[in-house]
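In the working numbering, the protein residues as written are 217 to 614. Cβ atoms here follow ideal geometry from the backbone N, Cα and C, with glycine treated the same way. From a predicted model like this one, the values you see are computed outputs, not experimental measurements.
Below, the structure written as structure tokens:
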């Protein structure tokens, strides 16, 4: 069985993914609501999340290079400690109703996210090429546990430091981050095949002009940005139309299940139908999700739309990640993965910045319909790459 031979790191990273996403879901569910309460303007409600993503942008490439030189475990452990510090700072900001401190805590949380986003890529370091899709899927499947645990955890801990709501939830995030150090200790201190002996590799400009890299980035970045745009606006839209915080938390839970449950079969679908086909299908599903969500602001539409949003994201993100691993040589890994993750984070930051403003300015329908042109672009790039590959003009790795 491949898991016993070469997939043990993927299993460990799946546990890490579950713990990281449990904390991240607490942040996703509550940050916009807290921001709307303590921010000087409702339009700034999602600014803390956007700042988290900006920190992710600036740290994604340096962390990738550190991991290539010092090993994955060192980078992941540093990120977990940043998550603990960020959760504690956010809790202080909530207790003092200080929006600046709350934003600062989210910036520190961005360092954790910058490290944790490499879980799925670390899973393929010691896996045969034909099983990379399965390894990525296994890691992302850890989010299923997070989807079941995080929303009730956020609600159970929200009054832990009563009468101030939600400060206790961010302390729970900090505890989860510290707990990550336990499974991370099972990873090798350094990968035995750390690249570098083969030389510096090709120039980055050459690598990112490959059709396979362009298709990988279009799928992962646009799929992730659309998901961020809609997901961060959802709790605000739901509470704004009269639904409860519990309804919002439950909807985020089914959304995250939609994001991660398909991971059990997405890798096999990629093995059978190819990454471009699954990426294209994901773009179509996300477009259908936007249509359902925009149709009406009732609980059922929110829930169905968010489940489809998660499913489409899963297909585009895993397919894009699989294509990314085909675009570089081992000695190029740190630079290429760092550039890709920085680009994905930049797209997510733009989506985060625009989420609350778009919702407050133009409404929930505009949030969803505004995603359609970007999905059309991603679909076009994916089909172009598939055509190039069929003609033999787009080798996976030069």
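With DSSP run on the structure shown, which of helix, strand or coil describes residue 374?
Three-state DSSP puts residue 374 in coil, outside helix and strand.
Are there three or more Cβ pairs, one per stretch, closer than 8 Å when the region 492–504 is compared with the region 562–582?
Too few Cβ pairs lie closer than 8 Å, so no.
Looking at the structure shown, is residue 617 part of a helix, part of a strand, or coil, going by DSSP?
In the structure as shown, the chain starts at 217 and stops at 614, and residue 617 therefore has no counterpart that could be examined.
Determine the burial state of residue 603: buried for a count of at least 16 other Cβ atoms within 10 Å of its Cβ, exposed for fewer.
Answer is exposed; the Cβ neighbour count stays below 16.
Taking the runs of the beta strand (DSSP E) that are 3 residues or longer, which of them lie wholly in the region 255–286?
Runs found: none.
Measure the CB-CB distance between residue 423 and residue 557 and report whether it falls below 8 Å.
Their beta carbons are not under 8 Å apart, which means residue 423 does not touch residue 557 by this criterion.
May I have a chain-ordered list of the alpha helix (DSSP H) segments no shorter than 4 residues that lie completely inside the region 448–525?
Listed in chain order, the complete alpha helix (DSSP H) runs (minimum 4 residues) inside the region 448–525 are 461–476, 479–489, 491–511.
Could you tell me which whole alpha helix (DSSP H) segments of length 4 or greater appear in the region 301–350?
Here the runs fully enclosed are 315–332, 335–338.
For residue 516, count neighbouring C-beta atoms within 10 Å of its own C-beta (all shown protein chains included) and say buried if the count is 16 or more, exposed if not.
Under this definition residue 516 is an exposed residue.
Is it buried or exposed for residue 413, if we count other Cβ within 10 angstroms and need 16 for buried?
At residue 413, the pLDDT of 47 sits below 50, so the modelled position is not reliable; the number obtained from the coordinates is stated separately. Looking at its Cβ environment, which holds fewer than 16 other Cβ atoms inside 10 Å, residue 413 is exposed.
Between residue 389 and the rest of its own chain, which residues show a CB-CB distance below 6 Å, the 5 nearest in sequence each way excluded?
If we look at residue 389 and ignore the five residues flanking it on each side, its Cβ neighbours are 239, 242, 303.
If residue 436 sits next to residue 354, beta carbons under 8 Å apart, how far is it from one beta carbon to the other, in whole angstroms?
Contact doesn't hold; Cβ gap of about 18 Å is too wide.
Going straight from the alpha carbon of residue 324 to that of residue 374, what length do you get?
In a straight line, the C-alpha of residue 324 is about 21 Å away from that of residue 374.
If you measure between the beta carbons of residue 560 and residue 440, is that distance less than 8 Å?
Yes, the Cβ-Cβ distance between residue 560 and residue 440 is below 8 Å.
Just mark residue 578 as buried or exposed, buried being the case when its beta carbon has 16 or more other beta carbons within 10 Å.
Looking at its Cβ environment, which holds fewer than 16 other Cβ atoms inside 10 Å, residue 578 is exposed.
Go through the region 521–562 residue by residue and report every complete run of the alpha helix (DSSP H) that reaches 4 residues or more, in order.
Within the region 521–562, no complete alpha helix (DSSP H) run reaches 4 residues.
Measuring only the C-alpha atoms, how far is residue 530 from residue 418?
Cα-Cα distance, rounded: 30 Å.
CA-CA distance, residue 231 and residue 376?
Looking at the two C-alpha atoms, the distance is approximately 26 Å.
Using CA atoms only, rank isn't needed, just tell me which of 460, 552, 443 is closest to residue 526.
Checked all of 460, 552, 443; the closest Cα to residue 526 is 443.
Got a sec? Which residues, its chain only, sit under 6 Å from residue 469 by beta carbon, not counting five neighbours each side?
Cβ neighbours of residue 469 beyond the five flanking positions: 363, 367.
If I follow the unbroken alpha helix (DSSP H) through residue 606, where does it start and stop?
Counting along the chain, the alpha helix (DSSP H) containing residue 606 begins and ends at 588–606.
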